[in-house]
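If you want my numbering, it's the position in the sequence shown, counting the first as 1, plus 76. Backbone N, C-alpha and C fix where the C-beta goes; we use that ideal spot for every residue, glycine too. Keep in mind it's a predicted model, so treat the numbers as computed, not measured. A short write-up of the structure that comes next.
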Amino acid sequence: MKFINTYISLFLLFIVPFTIFSQVKNIGLPAIKNYKRSDYKGGTQNWNIDQDKNGNVYFANNSGLIQFDGSTWNKYSLPNNTAIRSLKIDGSGKIYVGGNNEFGFFKSDEKGKLKYHSLSDLVSKKDSRNINLIWRIHIYKGEVIFQSFTKVFFYRNNKLIVINAPNKFQFSFIINKHLYFQDKVLGILEYKDQKLIALKGTTSLNDKEIWAMFPLPNNKILFATLEKGLFVYDYNSVKSWETEANTFIKKNTSLGGSIIKNKFIVLNSVLNGIIICDLNGKIIQHLNRQKGLQNNTILTSFVDNKNNLWLGLDNGITFINQNSPFTFFDYSYNIGTVYASVIFNKNLYVATNQGLFYHSWTTPFKDEPFTRVEGTIAQAWNIQVLNNNLLCASNSGALVINQNKVSKILDSRGYFGFKTIPSHPGYIIGESYNGFSIFKNSSNEINFINQVSGFDETTNTFEIELDNNYLWLKKEPYLYQMKLSEDLKRFDYIKKHMQISPSYKGIGSLQSINNKVYFQTKNHFYRYSDEQENFFEDKKLTNLFQKIPPINTLIEDSNSNLWYSYNESIGVLLKMKNGTYNSQNAPFSNLTGNLVNNYISVNTIDPNNIFIGLTDGLAHYDSKISNNFITTPKVFFESFSSTSDTIITGNLEKQLTDLTIPYNSNHVKFTFSSPTYENQENVTYSYKLEPFEENWRNWSTTSVKEYTNLREGNYKMQIKAKNSYGVESEASEINFTISPPWYRHFLAYLTYFFLILAGVYITSNRIKLKIRKNKYYETIEQRRLYLEKESKIRSDQHELEKEIERLKSDKLQIKILAKDKELVSNSLQVVKKNKVLNGIIQKIKDIDTNTLDDSTKFEFNKLHKSIVKEVNTDKSWKDLEKHIKNVHFEFLKRLKEKYPTISPRELDLSTYLLMNMSTKEIAEIMNISTGGVELARYRLRKKLGLNKKENLIGFLMSI
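If you want it as structure tokens, here you go:
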């Protein structure tokens, strides 16, 4: 009993104090993030670190001032481009810096860009000759203090007071609201009332360079020197601090340090990284290059506002997530992917892809790596304690581990794990690569019995559970229900289930909770009723998972907590003393993506010591550490730019208001950041531009957003950040206005309004004028139309009269022509008559009048004279020619025009032919023989160019 109490006391001494009362753990390594100079685009060395009220971190770098806001690095240089060795930020946001013969402060201008303001100009010519390097800056009682090796400058209200070093200063420190300087001759000096007062007994430190001072309990001070180690001062004398920490510093030298919550001291070394010790000098944690730092020379360390640690290295910058319940065992501890872990015989065993490893559990974890269990070089899938035996399921077979080595190989087949058989005490069943085997434990010795026949399918995971009746195996896509024979040599019964509920397809997970086998699908939990031969839902357990994402694995630990995995993440339902469960998943979000799929390993030793297997090692989780490390993140607009200007909003002291952008610069760009440095790669952002967007955009790691061609109007840009724990920040916003283009400006619209009014007025007047003109012109037009119409009527009337006259003339002509034709006809009759009379005359002449009596002779002569007179006085022929020419004047004209060589006699002949007169009639009229007529016709045809087949009369009629 006494031994047990002693063991418990030792355990509490080594383990509990560092896990319950602080955030600095002595098990494993904190998460470390290294930043190379290629990341921050600066010099190699970083001499000092500070943080502003927004959470941005600043570094005094060889190339200038480096600013980091969680997303973007920015660099600002001094006017003489010298290295910055010291910096300090006051409450107003001024960043005081010091370099070689130069000191001053950076302050943001009206556009947020940090501008340097030199204070060296305030130094008198006498004091400016040897300013030297400014190594320390303090803000003390309203004054800003710049300390070099030769002088101290006190700055207040834009005035400098200079105090020269009595001999030569080393460094200065503020401890418990007191300001101290180290003088190389007078020792430690305290600054009081503008005087330097030497502290008693500190001249013994004159040959030592003090790089840091820390407060210790009982009104003591700890001095950290460069090469001589650590010393304690009680305001009377100085003594060496004989502790583990002092031994380390003497060996590796010290470049100062920092203090965490006045409980832990961080000591920087030149040769071997940093150590974190308690106030008794016991080393809690040692971090160096081998354990994740990129450099072993630590120039400065800084504890930020979340109690995380920043290191300024000789080459680079490192962030250490100290304020976390998680620490890790990675490659530096000689382990790879972890599939299982267990405590046995005061050792922690881990099954990895490289074999089985162990580390002592009763001694603190420091620099010692895990040791491989002798005989295990292949993949180890599981490590279990069954019936007080340590069994390893590996690719090499079923192995018994004793005294940290393989003491017995039970079976050379590869195994995934082992389970006790409830209905057969002392018996164990193991799942191999292609079936199951039975092992028996007797007299503290375990032996292979037989392989179970009836099932030899290949499996690749360890998902089996046993109850008093069946062995249950989950092997996609089936759930196997198998019954072992009484002699455990075969399976008497095997049934495959595709689903356990008609409402949900598939089987999600198989687990044992409170020694009962449960089947899960879609976060609904079922048990099997052997009496009803059916699955029934456990509503109580199902209700626990209503608000949890669909899980794929569930494990009950030794404290009855329920660990579940989902979407490559893990969460837990912690069982309370009253039997209820408290859900937690936010603390584990930083493990997302690092868990081993299908092989979730959680080993709960106690609430302070929970081990979780990862793809790159082992995580240690202390559930008793306060969850205050999960804080609500802040989000800031880093910059707001348009095509015409850029405003670095992250540096502004006041939020932007009434920001107006010209329309020709309506391409805007926002960059934003969240000064959240733990698990920084998992910080996501969401944003919304009102009224351009109605809904928040999906969460993304992108911290830049651009909008192009925005219309004029008032806008509100809102952003939110969500850290790796799933906690959202409050929204940050910028209100701005896009001015309209000149042609859509209010004054333009006002001008348009007046122009429209003027246009309406002018148009109205013009319309009225036009109406008047139109009426005038309409009247004129009507008058013109009337006159034209009247003129047209008169013209038409005149034309009508002319037509009438023409018609009358035509009618008269027709009458004349008819009369002419009639006259021609009569003339022809007269001609014929004359011819007859001429014949009579000839016959009368032939009568012998002598035979007639005188009276008869007288009458006869009288008749003869009368006939001759009638013939001589008849002018019918001349009248006939005249009338023929009058009737056929147009025809004769056309014929003459067409055939100019035609003779008058041929014209007469043509006329007679046209009149359809016979040859005989023509001969009589022309007083020629009928043969003469034919000859005249022939000559006419020839002159007209007619061939024999063409009709002469028809041709003449066509002319």
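- Which residues bound the beta strand (DSSP E) around V314? V314 to S316
- Can you name, in chain order, every residue of its own chain whose Cβ lies under 7 Å from the Cβ of H193, other than the five neighbours on each side? G180, F181 and K183
- Going by the beta-carbon positions, is the gap between D126 and I165 smaller than 8 Å? yes
- Helix, strand or coil: how does DSSP classify S98 here? Because S98 sits at a pLDDT of 47, beneath the cut-off of 50, its placement in the model cannot be relied upon, and the following sentence gives the value as read from the coordinates. Coil, per DSSP.
- Return the CA-CA distance between K865 and I838, expressed in angstroms with no decimal places. 38 Å
- Please go through the same chain and pick out, in chain order, the residues whose beta-carbon is closer than 7 Å to the beta-carbon of V944, but skip the five residues on each side of it. I917
- Task: Would you give the residue range spanned by the beta strand (DSSP E) that Y267 belongs to?
- Result: G263 to K268
- Query: What three-state label does DSSP hand M558 in the structure shown?
  - Reply: strand
- Give the straight-line distance between the Cα atoms of D115 and T158, rounded to the nearest whole angstrom. 21 Å
- Message: I'd like the span of the alpha helix (DSSP H) that includes K796, first residue to last.
- Response: Per DSSP, K796 belongs to no alpha helix (DSSP H); it is in the beta strand (DSSP E), G789 to K798.
- Task: Please name the residue, chosen from Y753, N811, E788 and L861, that lies closest to N110 on a Cα-to-Cα basis.
- Result: Y753
- Going straight from the alpha carbon of Y853 to that of E875, what length do you get? 31 Å
- Task: Determine, using beta carbons only, whether G392 and N372 come nearer to each other than 8 Å.
- Result: no
- Can you tell me whether DSSP reads V346 as helix, strand or coil? coil
- Query: Do Y409 and N480 have their C-beta atoms within less than 8 Å of each other?
  - Reply: no
- How would you write the range of the alpha helix (DSSP H) that P291 sits in, first residue to last? No alpha helix (DSSP H) holds P291; the beta strand (DSSP E) holding it covers I286 to L292.
- Query: Does the distance from the C-beta atom of Y231 to that of F225 stay below 8 Å?
  - Reply: no
- Task: Determine the contact status of S316 and G333, defining contact as a CB-CB distance below 8 Å.
- Result: no
- How long is the line joining the alpha carbons of S518 and N356, rounded to whole angstroms? 50 Å
- Query: Where are the beta strand (DSSP E) runs, 3 residues long or more, that stay fully inside the segment 711 to 782, in chain order?
  - Reply: 712 to 717, 735 to 737, 744 to 749 and 760 to 766
- How many angstroms separate the CA atom of S98 from the CA atom of K358? Because the pLDDT of S98 is 47, which lies under 50, any placement of that residue in the model is unreliable, and the question is left without a value.
- Query: Quick one: is P553 buried, meaning 16 or more other Cβ sit within 10 Å of its Cβ, or exposed?
  - Reply: exposed
- Query: With C-beta atoms as the reference, is E806 less than 8 Å away from M793?
  - Reply: no
- Query: Among the residues of its own chain, which have a CB less than 6 Å from the CB of Y491, if the five just before and after it don't count?
  - Reply: A469, A474, G506 and S508
- Query: Between W775, P751 and Y739, which lies nearest to N785 when the distance is taken from Cα to Cα?
  - Reply: Y739
- Task: Assess, as a yes-or-no matter, whether the segment 978 to 986 is touched by the segment 1010 to 1023 under the definition of 3 or more beta carbon pairs within less than 8 Å.
- Result: yes
- Message: Taking 8 Å as the cut-off, does the segment 126 to 137 touch the segment 766 to 775 (at least 3 CB pairs, one atom from each stretch)?
- Response: no
- Query: Just checking, does the segment 319 to 330 make contact with the segment 267 to 284 on the three C-beta pairs under 8 Å criterion?
  - Reply: no
- Task: Can you give me the Cβ contacts of F768 inside the same chain, cut-off strictly under 8 Å, excluding the 5 residues immediately before and after it?
- Result: Y783, L786 and Y791
- Query: Residues in its own chain within less than 7 Å of N643 by CB, not counting five upstream and five downstream?
  - Reply: P625
- Buried or exposed: where does E966 fall if 16 or more other Cβ atoms within 10 Å of its Cβ makes it buried? exposed
- Message: Checking 8 Å against the spacing of the C-beta atoms, do L564 and Y503 come in under that value?
- Response: yes
- Query: D532 to I459, Cα distance in whole Å?
  - Reply: 23 Å
- Item | V1009 - containing alpha helix (DSSP H), residue span | T1006 to L1020
- Which stretch, first to last residue, makes up the alpha helix (DSSP H) that contains R970? F965 to K974
- What residue range is occupied by the uninterrupted beta strand (DSSP E) comprising Y216? I210 to Y216
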